[in-house]
Amino acid sequence: MRASRTTIFGSILAESTLGGYIRAMRNDIKASCKKRLNRIEGQVRGLAKMVDEDRYCIDIVTQISAVRTALRRVEEEILRDHVAHCVEHAINSGDKADQRRKIAELMEVVGRVDR
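Here the working numbering is used: the first residue of the sequence shown is 80, the next is one more, and so on.
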């Protein structure tokens with residue numbers, strides 16, 4: 080019986096993320112992400128208020144779409160930073176096992192993005 084992708088990649092993720100980042104996230108990226116996430120938090124509170132106020136359904140759905148888009152942008156920014164340091168570090172290390180883990184981890188995350 081074949082092991083599921085989630086099981087295989089889940090174990091890879093658990094192994095390769097125990098220590099977190101190889102180095103701290105760049106301050107400019109962290110600040111940008113925090114700013115965006117704070118804005119998204121406000122948007123979500125606004126959505127709750129719209130529901131409480133029985134606003135028009137299409138207006139609510141439109142705002143939900145805006146939140147999803149904003150979250151995708153944060154996700155992309157964090158993934159770009161991850162590739163620029165964790166994946167690059169694995170490539171530069173010459174450690175084939177680490178390279179395979181980082182690529183598998185990245186592919187698993189990218190595969191989940193569209194689900």
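Quick reminder that beta carbons are idealized off the backbone N, C-alpha and C, glycines included.
These figures come from a predicted structure and were not determined experimentally.
| Check | Outcome |
| --- | --- |
| Please list, in chain order, all residues of the same chain as Val162 whose beta carbon is under 8 Å from its beta carbon, the five residues on each side excluded. | Leu185 |
| Specify the secondary structure class of Met129 as computed by DSSP and reduced to three states. | helix |
| Classify Asn173 as helix, strand or coil using the three-state DSSP reduction. | The sequence given here places Gly at residue 173; Asn does not occur at that position. Reduced to three states, the DSSP call for Gly173 is coil. |
| Measuring CB atoms only, is the region 151-168 touching the region 107-115, in the sense that at least three cross pairs come out at less than 8 Å? | yes |
| Assuming Ile202 and Val130 form a contact by the criterion Cβ under 8 Å, report the distance between their Cβ atoms to the nearest whole angstrom. | There is simply no residue 202 to check, as the chain begins at 80 and stops at 194 in what is shown. |
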